[in-house]
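Student:
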Amino acid sequence: MQPAGAAADAERLARASRRLLEHYPAENWWPSRSRFEVMVGAVLVQNTRWANVHRAIASLRAQRLLRPEALAAAGLSQLSEVIKPAGCQSVKAVRLAHLATGVVQAGGMRGLARQSSHALRALLRGWHGVGEETADAILLYGFSRPVFIADNYARRWLVRMGLFDAGSGVAAYARCRHYAEGHLGWNTGGYQALHAAIVLHGQQHCARQARCEGCTLNEYCDFIKQ
DNA sequence: AACCAGGAGACAT
DNA sequence: ATGTCTCATGGT
Numbered sequence: 091m092q093p094a095g096a097a098a099d100a101e102r103l104a105r106a107s108r109r110l111l112e113h114y115p116a117e118n119w120w121p122s123r124s125r126f127e128v129m130v131g132a133v134l135v136q137n138t139r140w141a142n143v144h145r146a147i148a149s150l151r152a153q154r155l156l157r158p159e160a161l162a163a164a165g166l167s168q169l170s171e172v173i174k175p176a177g178c179q180s181v182k183a184v185r186l187a188h189l190a191t192g193v194v195q196a197g198g199m200r201g202l203a204r205q206s207s208h209a210l211r212a213l214l215r216g217w218h219g220v221g222e223e224t225a226d227a228i229l230l231y232g233f234s235r236p237v238f239i240a241d242n243y244a245r246r247w248l249v250r251m252g253l254f255d256a257g258s259g260v261a262a263y264a265r266c267r268h269y270a271e272g273h274l275g276w277n278t279g280g281y282q283a284l285h286a287a288i289v290l291h292g293q294q295h296c297a298r299q300a301r302c303e304g305c306t307l308n309e310y311c312d313f314i315k316q
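For the first sequence, the residue numbers in this note's numbering are 91 to 316.
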């Protein structure tokens with residue numbers, strides 16, 4: 091059993107999450123034609139707007155590079171040129187190369203799909219350029235695993251609601267994810283929609299302030315808190 | 001021209 | 001272990 095108060099926190103979190111979903115019903119949040127494309131997109135979208143990522147992916151598709159073997163065989167300079175619209179191309183080209191090579195060495199997408207979520211996350215995290223958030227995005231949207239993405243938006247949201255403050259850093263990310271998963275216990279579809287809603291809310295409201303006070307849409311944030 | 005973007009990794013406490 | 005700084009680049 092969970093300690094006293096945990097049940098109340100779980101209910102608050104669940105209620106707030108439901109309200110978020112009602113007001114930010116994101117559809118087609120992560121468009122993709124294949125699991126590998128999700129993996130590629132997860133790297134390209136790092137610190138980047140999706141609109142720019144979309145162009146880079148279209149470019150990759152035109153070059154027939156949206157397959158692990160082809161991507162792994164591509165040269166860095168070519169790759170860098172193709173993904174340019176997504177920005178930070180020299181960095182991301184290297185990361186994509188590691189990603190593609192990793193997929194091939196892991197036995198392709200089929201080999202990856204056989205892994206447990208825990209094993210898969212550990213494997214992905216071992217690849218250069220795949221951090222906590224990117225790994226979880228791949229798990230959630232690429233491999234349909236029930237994972238709560240504890241990104242900056244999610245962490246800030248939880249802190250503002252006074253529910254949970256994990257601090258910062260890699261370990262803090264895991265603590266936050268465990269907290270949310272432990273209190274929500276949702277399925278994959280739920281976490282997919284929730285992540286989208288959290289990001290949309292975070293982008294539109296009090297994006298940079300430490301607290302909701304002073305936010306021009308404070309009433310909305312208070313509404314979410316109920 | 002400044003500032004942000006659907007972070008990651010290195011580095012210093 | 002945890003918190004902070006740096007990197008890298010297109011778009012607004």
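We put the beta carbon where it would ideally sit given N, CA and C, even for glycine.
Helix, strand or coil: how does DSSP classify G131 here?
Tutor: Taking the first residue of the first sequence as 1, we reach residue 131 at position 41. Looking at G131 - three-state DSSP - the assignment turns out to be helix.
Student: Using only CA atoms, which one of V237, L189 and R250 lies nearest to F126?
Tutor: Within the first sequence, numbered from 1, the residue matching residue 126 stands at position 36. That would be L189, whose Cα lies nearest to the Cα of F126.
Student: Quick one, are the C-beta atoms of L156 and L169 less than 8 Å apart?
Tutor: As a first step, residue 156 must be located in the first sequence, where it is residue number 66. As a first step, residue 169 must be located in the first sequence, where it is residue number 79. Going by C-beta atoms, L156 is not nearer than 8 Å to L169.
Student: I'd like to check one pair, V128 with L134: are the Cβ atoms closer than 8 Å?
Tutor: For this step, residue 134 is matched to residue 44 along the first sequence. For this step, residue 128 is matched to residue 38 along the first sequence. Going by C-beta atoms, L134 is not nearer than 8 Å to V128.
Student: In chain order, which alpha helix (DSSP H) runs of at least 4 residues are fully inside the segment 132–168?
Tutor: 140–152 and 158–163
Student: Count the other CB atoms within 10 Å of the CB of G304; is the residue buried (16 or more) or exposed (fewer)?
Tutor: Locating residue 304 in the first sequence gives position 214, counting from the first residue. At G304 the pLDDT is 37, less than 50, meaning the model places this residue with poor confidence; the figure from the coordinates comes in the next sentence. Per the 10 Å Cβ criterion, exposed.
Student: Looking at C-alpha atoms only, which residue of E101, L248 and A203 is the closest neighbour of H285?
Tutor: Here residue 285 is taken as the residue at index 195 of the first sequence, counted from 1. With distances taken between CA atoms, H285 lies nearest to L248 out of E101, L248 and A203.
Student: Could you compute how far the alpha carbon of V237 sits from the alpha carbon of V184?
Tutor: To locate residue 237, count along the first sequence from 1; it is residue 147. To locate residue 184, count along the first sequence from 1; it is residue 94. A straight-line Cα-Cα distance of about 27 Å links V237 and V184.
Student: Decide if the segment 94–102 is in contact with the segment 144–151; the criterion is three or more beta carbon pairs, one per stretch, under 8 Å apart.
Tutor: no
Student: On the three-pair Cβ rule with 8 Å, is the segment 262–273 touching the segment 238–245?
Tutor: yes
Student: Can you have a look at S107 and say buried or exposed, based on whether 16 or more other CB atoms are within 10 angstroms of its CB?
Tutor: Here residue 107 refers to the residue found at position 17 of the first sequence. The residue is buried, with at least 16 neighbouring Cβ atoms inside 10 Å.
Student: For L307, count neighbouring Cβ atoms within 10 angstroms of its own Cβ and tell me buried if that reaches 16, exposed if not.
Tutor: As a position in the first sequence, residue 307 is number 217, starting the count at 1. Confidence is the limiting factor: at L307 the pLDDT is only 37, short of 50, which leaves the residue's position unreliable and the question unanswerable from this model.
Student: Rounded to a whole number of angstroms, what is the C-alpha to C-alpha distance between A162 and S122?
Tutor: Working through the first sequence from its first residue, we reach residue 162 at position 72. Working through the first sequence from its first residue, we reach residue 122 at position 32. Here the alpha carbons of S122 and A162 stand approximately 20 Å from one another.
Student: Look up L253 in the DSSP assignment and say whether it is helix, strand or coil.
Tutor: Taking the first sequence and counting its residues from 1, one reaches residue 253 at position 163. L253 falls in the coil class under three-state DSSP.
Student: In the structure shown, what three-state DSSP assignment does E117 receive?
Tutor: Along the first sequence, one-based indexing puts residue 117 at 27. It is coil, neither helix nor strand.
Student: So, is R105 buried or exposed, given that buried needs 16 or more other C-beta atoms within 10 angstroms?
Tutor: Within the first sequence, numbered from 1, the residue matching residue 105 stands at position 15. It is exposed - the Cβ of R105 has fewer than 16 other Cβ atoms within 10 Å.
Student: Assuming E159 and V194 make a contact with CB atoms under 8 Å, what is their CB distance in whole Å?
Tutor: The residue given as residue 159 occupies position 69 in the first sequence. The residue given as residue 194 occupies position 104 in the first sequence. Contact flag correct, Cβ pair sits at about 6 Å.
Student: Taking all protein chains shown into account, decide if E112 is buried (16 or more other Cβ within 10 angstroms of its Cβ) or exposed.
Tutor: As a position in the first sequence, residue 112 is number 22, starting the count at 1. Its Cβ having fewer than 16 others within 10 Å, E112 is exposed.
Student: Could you check how far apart the C-beta atoms of W217 and G197 are, in whole angstroms? I think they sit under 8 Å.
Tutor: Taking the first sequence and counting its residues from 1, the one referred to as residue 217 is at position 127. Taking the first sequence and counting its residues from 1, the one referred to as residue 197 is at position 107. Going by Cβ atoms, the distance from W217 to G197 rounds to 15 Å, so no, they are not a contact pair.
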